[in-house]
Amino acid sequence: MASSSKKVIYAALIGNGLIAITKFAASAMTGSSVMLAEGIHSLVDTGNQGLLLYGLHRAKRPADERYPFGYGKEIYFWSFAVAILVFALGAGISLYEGVLHILYPQPITNPMVNYIVLSLSLVFEGAAWYMAFREFSRAKGKWSYLEAVQRGKDPTIFMVLFEDSAAVLGLAVAFIGIWLGQVTGIVYIDGIATCIIGLILAGIAMWLAYETKGLLIGESANKEVVQSIRDMARQLPGVEHVNEVLTMHMGPNFILVNLSVDFRDGVTSEEVERGVAGLDRDIKAKHPLVKRVFVEAEARRVTKIPD
(Lines of atoms letter the chains of each structure in order from A and count residues from 1; the text may use other names and numbers.)
(Lines give C-alpha, C1' and ligand atoms only; values in the text may rest on other atoms or scores of the structure.)
Protein backbone atom coordinates (compact mmCIF):
# COMPACT_ATOMS: atom_id res chain seq x y z
CA MET A 1 0.00 0.00 0.00
CA ALA A 2 2.81 2.41 0.86
CA SER A 3 4.49 1.61 -2.47
CA SER A 4 1.27 2.38 -4.36
CA SER A 5 0.86 5.64 -2.44
CA LYS A 6 4.36 6.74 -3.35
CA LYS A 7 3.87 5.98 -7.04
CA VAL A 8 0.73 8.10 -7.14
CA ILE A 9 2.34 10.95 -5.21
CA TYR A 10 5.52 10.97 -7.33
CA ALA A 11 3.47 11.04 -10.53
CA ALA A 12 1.39 13.97 -9.25
CA LEU A 13 4.51 15.77 -7.95
CA ILE A 14 6.35 15.69 -11.28
CA GLY A 15 3.24 16.54 -13.29
CA ASN A 16 2.16 19.46 -11.10
CA GLY A 17 5.68 20.91 -10.97
CA LEU A 18 5.95 21.06 -14.77
CA ILE A 19 2.40 22.33 -15.16
CA ALA A 20 2.93 25.10 -12.59
CA ILE A 21 5.92 26.47 -14.51
CA THR A 22 3.95 26.43 -17.77
CA LYS A 23 0.92 28.16 -16.24
CA PHE A 24 2.97 30.94 -14.66
CA ALA A 25 4.68 31.55 -18.00
CA ALA A 26 1.30 31.72 -19.76
CA SER A 27 -0.04 34.13 -17.12
CA ALA A 28 2.97 36.41 -17.54
CA MET A 29 2.56 36.40 -21.34
CA THR A 30 -1.21 36.99 -21.44
CA GLY A 31 -2.02 38.82 -18.19
CA SER A 32 -4.73 36.29 -17.28
CA SER A 33 -5.61 36.13 -13.57
CA VAL A 34 -7.26 32.75 -13.98
CA MET A 35 -3.99 31.34 -15.34
CA LEU A 36 -2.17 32.88 -12.37
CA ALA A 37 -4.65 31.18 -10.02
CA GLU A 38 -4.15 27.89 -11.84
CA GLY A 39 -0.37 28.30 -11.55
CA ILE A 40 -0.69 28.91 -7.80
CA HIS A 41 -2.99 25.88 -7.56
CA SER A 42 -0.44 23.63 -9.27
CA LEU A 43 2.41 25.06 -7.18
CA VAL A 44 0.49 24.41 -3.95
CA ASP A 45 -0.29 20.87 -5.12
CA THR A 46 3.40 20.29 -5.84
CA GLY A 47 4.33 21.39 -2.34
CA ASN A 48 1.55 19.27 -0.87
CA GLN A 49 2.81 16.14 -2.57
CA GLY A 50 6.26 16.90 -1.20
CA LEU A 51 4.78 17.10 2.31
CA LEU A 52 2.96 13.79 1.86
CA LEU A 53 6.19 12.10 0.79
CA TYR A 54 7.92 13.62 3.80
CA GLY A 55 5.13 12.33 6.04
CA LEU A 56 5.45 8.81 4.60
CA HIS A 57 9.20 8.92 5.22
CA ARG A 58 8.80 10.12 8.81
CA ALA A 59 6.06 7.57 9.55
CA LYS A 60 8.41 4.67 8.72
CA ARG A 61 10.75 5.42 11.63
CA PRO A 62 10.84 2.63 14.22
CA ALA A 63 9.47 3.01 17.74
CA ASP A 64 11.80 4.39 20.38
CA GLU A 65 11.73 5.27 24.05
CA ARG A 66 10.00 8.59 23.49
CA TYR A 67 7.45 7.24 20.99
CA PRO A 68 6.92 3.60 22.01
CA PHE A 69 4.16 3.06 19.44
CA GLY A 70 6.16 4.48 16.56
CA TYR A 71 5.69 7.48 14.30
CA GLY A 72 2.83 6.21 12.13
CA LYS A 73 0.59 9.16 12.99
CA GLU A 74 3.01 11.55 11.30
CA ILE A 75 1.30 10.81 7.99
CA TYR A 76 -1.99 11.97 9.53
CA PHE A 77 -0.43 15.21 10.73
CA TRP A 78 1.10 16.03 7.36
CA SER A 79 -2.11 15.10 5.56
CA PHE A 80 -3.97 17.57 7.79
CA ALA A 81 -1.27 20.18 7.08
CA VAL A 82 -1.83 19.63 3.35
CA ALA A 83 -5.55 20.34 3.77
CA ILE A 84 -4.77 23.59 5.61
CA LEU A 85 -2.30 24.66 2.91
CA VAL A 86 -4.83 23.99 0.15
CA PHE A 87 -7.30 26.22 1.98
CA ALA A 88 -4.90 28.98 3.06
CA LEU A 89 -2.68 29.23 -0.01
CA GLY A 90 -4.60 27.69 -2.89
CA ALA A 91 -8.08 28.98 -2.07
CA GLY A 92 -6.99 32.16 -0.29
CA ILE A 93 -4.68 33.48 -2.99
CA SER A 94 -7.09 32.48 -5.79
CA LEU A 95 -9.96 34.35 -4.14
CA TYR A 96 -7.75 37.37 -3.55
CA GLU A 97 -6.60 37.44 -7.18
CA GLY A 98 -10.15 36.90 -8.41
CA VAL A 99 -11.60 39.79 -6.41
CA LEU A 100 -8.67 42.00 -7.45
CA HIS A 101 -9.28 41.32 -11.16
CA ILE A 102 -13.02 41.88 -10.77
CA LEU A 103 -12.40 45.29 -9.21
CA TYR A 104 -9.59 46.17 -11.61
CA PRO A 105 -10.16 44.05 -14.73
CA GLN A 106 -7.57 43.82 -17.49
CA PRO A 107 -8.08 42.34 -20.96
CA ILE A 108 -6.31 39.08 -21.81
CA THR A 109 -3.80 39.29 -24.63
CA ASN A 110 -3.08 36.35 -26.92
CA PRO A 111 -5.58 33.91 -25.34
CA MET A 112 -4.41 31.13 -27.68
CA VAL A 113 -1.39 30.64 -25.39
CA ASN A 114 -3.76 29.96 -22.50
CA TYR A 115 -5.78 27.47 -24.54
CA ILE A 116 -2.65 25.53 -25.47
CA VAL A 117 -1.36 25.48 -21.88
CA LEU A 118 -4.74 24.47 -20.48
CA SER A 119 -5.10 21.66 -23.01
CA LEU A 120 -1.65 20.28 -22.21
CA SER A 121 -2.32 20.65 -18.48
CA LEU A 122 -5.59 18.76 -18.84
CA VAL A 123 -3.74 15.86 -20.49
CA PHE A 124 -1.11 15.71 -17.73
CA GLU A 125 -3.59 16.23 -14.88
CA GLY A 126 -5.95 13.69 -16.42
CA ALA A 127 -3.19 11.08 -16.52
CA ALA A 128 -2.28 11.74 -12.87
CA TRP A 129 -5.96 11.64 -11.90
CA TYR A 130 -6.47 8.31 -13.68
CA MET A 131 -3.49 6.79 -11.90
CA ALA A 132 -4.73 7.99 -8.50
CA PHE A 133 -8.27 6.81 -9.28
CA ARG A 134 -7.05 3.37 -10.35
CA GLU A 135 -5.03 2.89 -7.14
CA PHE A 136 -7.89 4.18 -5.01
CA SER A 137 -10.36 1.81 -6.74
CA ARG A 138 -8.01 -1.10 -6.12
CA ALA A 139 -7.49 -0.19 -2.46
CA LYS A 140 -11.16 0.41 -1.59
CA GLY A 141 -12.08 -3.27 -2.01
CA LYS A 142 -15.79 -3.98 -1.47
CA TRP A 143 -16.56 -0.52 -0.06
CA SER A 144 -18.21 2.21 -2.08
CA TYR A 145 -16.06 5.20 -2.97
CA LEU A 146 -17.65 7.34 -0.25
CA GLU A 147 -17.23 4.58 2.35
CA ALA A 148 -13.60 4.14 1.34
CA VAL A 149 -12.94 7.82 2.06
CA GLN A 150 -14.85 7.81 5.34
CA ARG A 151 -13.53 4.46 6.65
CA GLY A 152 -10.08 4.31 5.04
CA LYS A 153 -7.08 4.73 7.32
CA ASP A 154 -4.47 5.74 4.70
CA PRO A 155 -5.31 9.30 3.61
CA THR A 156 -2.48 9.71 1.07
CA ILE A 157 -4.16 8.20 -2.01
CA PHE A 158 -7.57 9.81 -1.57
CA MET A 159 -5.92 13.18 -0.85
CA VAL A 160 -4.03 13.04 -4.15
CA LEU A 161 -7.23 11.91 -5.90
CA PHE A 162 -9.18 14.84 -4.45
CA GLU A 163 -6.44 17.31 -5.36
CA ASP A 164 -6.26 15.98 -8.92
CA SER A 165 -10.06 16.11 -9.18
CA ALA A 166 -10.03 19.74 -8.08
CA ALA A 167 -7.24 20.43 -10.59
CA VAL A 168 -9.19 18.93 -13.50
CA LEU A 169 -12.33 20.83 -12.48
CA GLY A 170 -10.31 24.04 -12.11
CA LEU A 171 -8.87 23.63 -15.61
CA ALA A 172 -12.38 23.30 -17.01
CA VAL A 173 -13.48 26.47 -15.19
CA ALA A 174 -10.38 28.33 -16.41
CA PHE A 175 -10.98 27.26 -20.03
CA ILE A 176 -14.63 28.33 -19.92
CA GLY A 177 -13.78 31.63 -18.19
CA ILE A 178 -11.14 32.60 -20.76
CA TRP A 179 -13.41 31.57 -23.65
CA LEU A 180 -16.41 33.52 -22.31
CA GLY A 181 -14.25 36.58 -21.74
CA GLN A 182 -12.97 36.38 -25.31
CA VAL A 183 -16.41 35.85 -26.85
CA THR A 184 -18.38 38.40 -24.79
CA GLY A 185 -15.63 40.96 -24.31
CA ILE A 186 -16.51 41.20 -20.59
CA VAL A 187 -13.08 41.53 -19.00
CA TYR A 188 -14.05 40.73 -15.40
CA ILE A 189 -15.24 37.19 -16.31
CA ASP A 190 -11.59 36.18 -15.90
CA GLY A 191 -11.74 37.32 -12.27
CA ILE A 192 -15.05 35.51 -11.66
CA ALA A 193 -13.56 32.26 -12.96
CA THR A 194 -10.61 32.77 -10.63
CA CYS A 195 -12.96 33.13 -7.64
CA ILE A 196 -14.83 29.96 -8.65
CA ILE A 197 -11.52 28.07 -8.67
CA GLY A 198 -10.80 29.46 -5.19
CA LEU A 199 -14.18 28.24 -3.93
CA ILE A 200 -13.57 24.78 -5.40
CA LEU A 201 -10.24 24.59 -3.57
CA ALA A 202 -11.82 25.82 -0.32
CA GLY A 203 -14.49 23.10 -0.51
CA ILE A 204 -11.96 20.35 -1.22
CA ALA A 205 -9.70 21.60 1.59
CA MET A 206 -12.50 21.58 4.17
CA TRP A 207 -13.49 18.04 3.22
CA LEU A 208 -9.89 16.84 3.39
CA ALA A 209 -9.44 18.46 6.80
CA TYR A 210 -12.65 16.85 8.09
CA GLU A 211 -11.68 13.37 6.89
CA THR A 212 -8.14 13.51 8.32
CA LYS A 213 -9.14 15.10 11.65
CA GLY A 214 -10.52 11.85 13.09
CA LEU A 215 -7.38 9.93 12.15
CA LEU A 216 -5.19 12.59 13.73
CA ILE A 217 -7.16 12.57 16.99
CA GLY A 218 -7.19 8.78 17.23
CA GLU A 219 -9.77 6.85 15.21
CA SER A 220 -10.74 3.28 16.05
CA ALA A 221 -10.37 0.32 13.72
CA ASN A 222 -13.32 -0.43 11.44
CA LYS A 223 -16.39 -2.02 13.06
CA GLU A 224 -15.80 -5.39 11.37
CA VAL A 225 -12.32 -5.63 12.87
CA VAL A 226 -13.55 -4.64 16.35
CA GLN A 227 -16.38 -7.18 16.25
CA SER A 228 -14.04 -9.91 15.04
CA ILE A 229 -11.65 -9.26 17.93
CA ARG A 230 -14.55 -9.29 20.40
CA ASP A 231 -15.78 -12.63 19.05
CA MET A 232 -12.28 -14.14 19.29
CA ALA A 233 -11.95 -12.95 22.91
CA ARG A 234 -15.34 -14.48 23.80
CA GLN A 235 -14.16 -17.89 22.56
CA LEU A 236 -11.10 -17.81 24.80
CA PRO A 237 -11.28 -20.64 27.39
CA GLY A 238 -12.09 -19.29 30.83
CA VAL A 239 -13.62 -16.00 29.62
CA GLU A 240 -16.90 -15.09 31.30
CA HIS A 241 -17.49 -11.77 29.58
CA VAL A 242 -15.74 -9.27 27.29
CA ASN A 243 -16.20 -5.82 28.79
CA GLU A 244 -14.52 -3.55 26.24
CA VAL A 245 -12.63 -3.72 22.98
CA LEU A 246 -10.74 -0.47 22.53
CA THR A 247 -8.80 0.06 19.31
CA MET A 248 -6.85 2.93 17.80
CA HIS A 249 -5.02 3.43 14.53
CA MET A 250 -1.49 4.56 15.37
CA GLY A 251 -0.88 4.77 11.62
CA PRO A 252 -2.33 3.30 8.41
CA ASN A 253 -0.66 -0.05 9.13
CA PHE A 254 -0.70 -0.14 12.95
CA ILE A 255 -3.71 -0.95 15.12
CA LEU A 256 -3.43 -0.85 18.91
CA VAL A 257 -5.88 -3.13 20.78
CA ASN A 258 -6.81 -2.95 24.48
CA LEU A 259 -9.18 -5.62 25.83
CA SER A 260 -10.99 -5.68 29.16
CA VAL A 261 -11.98 -9.29 29.95
CA ASP A 262 -13.75 -10.92 32.91
CA PHE A 263 -12.34 -14.42 33.57
CA ARG A 264 -14.39 -17.07 35.37
CA ASP A 265 -13.68 -17.64 39.05
CA GLY A 266 -11.23 -20.47 39.61
CA VAL A 267 -9.19 -19.93 36.44
CA THR A 268 -5.51 -20.19 37.37
CA SER A 269 -2.93 -17.57 36.49
CA GLU A 270 -1.16 -20.09 34.24
CA GLU A 271 -4.38 -20.67 32.27
CA VAL A 272 -4.91 -16.94 31.94
CA GLU A 273 -1.35 -16.47 30.73
CA ARG A 274 -1.65 -19.23 28.11
CA GLY A 275 -5.04 -17.97 26.97
CA VAL A 276 -3.86 -14.36 26.60
CA ALA A 277 -0.76 -15.45 24.66
CA GLY A 278 -2.91 -17.54 22.32
CA LEU A 279 -5.41 -14.72 21.83
CA ASP A 280 -2.60 -12.29 21.05
CA ARG A 281 -1.22 -14.69 18.44
CA ASP A 282 -4.62 -15.41 16.84
CA ILE A 283 -5.66 -11.74 16.61
CA LYS A 284 -2.40 -10.76 14.92
CA ALA A 285 -2.64 -13.72 12.53
CA LYS A 286 -6.19 -12.82 11.44
CA HIS A 287 -5.64 -9.05 11.42
CA PRO A 288 -2.04 -8.30 10.33
CA LEU A 289 -2.48 -4.58 10.98
CA VAL A 290 -2.82 -5.29 14.72
CA LYS A 291 0.69 -4.83 16.13
CA ARG A 292 0.10 -4.55 19.89
CA VAL A 293 -2.54 -6.27 22.06
CA PHE A 294 -3.09 -5.52 25.75
CA VAL A 295 -5.49 -7.65 27.82
CA GLU A 296 -6.76 -6.43 31.18
CA ALA A 297 -8.43 -8.88 33.58
CA GLU A 298 -11.35 -7.03 35.11
CA ALA A 299 -14.64 -7.98 36.76
CA ARG A 300 -17.73 -7.77 34.61
CA ARG A 301 -19.13 -4.29 34.47
CA VAL A 302 -22.81 -3.81 35.29
CA THR A 303 -24.52 -0.62 34.29
CA LYS A 304 -26.50 0.73 37.25
CA ILE A 305 -29.98 2.06 36.60
CA PRO A 306 -30.44 5.37 38.47
CA ASP A 307 -33.21 5.50 41.07
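Using UniProt numbering, read the sequence shown as starting at 1 and increasing by one per residue.
Backbone N, C-alpha and C define an ideal beta-carbon position, used for all residues, glycine too.
Please read all numbers here as calculations on a predicted model, not as lab measurements.
1) Tell me whether residue 247 sits in a helix, a strand or coil according to DSSP, three-state version.
2) Taking 8 Å as the threshold, find out whether the stretch 23 to 30 comes into contact with the stretch 212 to 231 through three or more Cβ pairs.
3) Taking the C-alpha atoms as reference points, what is the distance between residue 129 and residue 45?
4) Can you give me the C-alpha to C-alpha distance between residue 195 and residue 75, rounded to a whole angstrom?
5) Quick check for students: name the residue ranges of the beta strand (DSSP E) that lie wholly in the stretch 121 to 176, counting only runs of 3 or more.
6) Considering only residues of the same chain and omitting the five flanking positions on each side of residue 283, which have a CB-CB separation below 7 Å?
7) Run the CB neighbour count on residue 109, radius 10 Å, all protein chains shown included, and call it buried at 16 or more, exposed below.
8) On the premise that residue 262 lies in contact with residue 243, defined as a C-beta separation below 8 Å, what is that separation, rounded to the nearest angstrom?
9) So the candidates are 98, 168, 245 and 57; which of them puts its Cα closest to the Cα of residue 77?
10) Verify whether the separation of the beta carbon atoms of residue 34 and residue 193 is less than 8 Å.
11) If you follow the alpha helix (DSSP H) that residue 190 is part of, which residue opens it and which one closes it?
12) Taking the alpha-carbon of residue 259 as reference, which of 140, 250 and 280 has the nearest alpha-carbon?
13) Have a look at 111, 36 and 13 and flag the residue whose alpha-carbon is nearest the alpha-carbon of residue 170.
14) Tell me the residue span of the beta strand (DSSP E) that contains residue 290.
15) Name the DSSP beta bridge partners of residue 257, please?
16) When we look at the beta-carbon of residue 117 and count the other beta-carbons within 10 Å, is it buried (16 or more) or exposed?
17) Tell me whether residue 262 sits in a helix, a strand or coil according to DSSP, three-state version.
18) On the premise that residue 157 lies in contact with residue 135, defined as a C-beta separation below 8 Å, what is that separation, rounded to the nearest angstrom?
So, from the data block:
1) Residue state, collapsed to three classes: strand.
2) Result no; under three Cβ-Cβ pairs closer than 8 Å.
3) Linking residue 129 to residue 45 through their CA atoms gives a straight-line distance of about 13 Å.
4) The straight-line gap from Cα to Cα measures roughly 31 Å.
5) Taking only runs of at least 3 residues, no beta strand (DSSP E) segment lies wholly in the stretch 121 to 176.
6) These residues qualify, in order along the chain: 229, 232, 257, 290 and 293.
7) Here residue 109 is exposed, its C-beta having fewer than 16 other C-beta atoms within 10 Å.
8) Separation of the CB atoms of residue 243 and residue 262 is rounded to 6 Å, and the pair is thereby assigned contact status at 8 Å.
9) Looking at 98, 168, 245 and 57, the one whose alpha-carbon comes closest to that of residue 77 is 57.
10) Yes, Cβ-Cβ distance for residue 34 and residue 193 is below 8 Å.
11) For residue 190, the enclosing alpha helix (DSSP H) starts and ends at 189 to 217.
12) Residue 280 holds the alpha-carbon nearest to the alpha-carbon of residue 259 among 140, 250 and 280.
13) Taking only the C-alpha atoms, the option nearest residue 170 is 36.
14) Per DSSP, residue 290 belongs to the beta strand (DSSP E) from 290 to 297.
15) Answer is 247 and 293, bridged to residue 257.
16) That one is buried.
17) Note: residue 262 maps to strand in three-state DSSP.
18) With 8 Å as the limit, residue 135 and residue 157 qualify as a contact, their Cβ atoms being about 5 Å apart.
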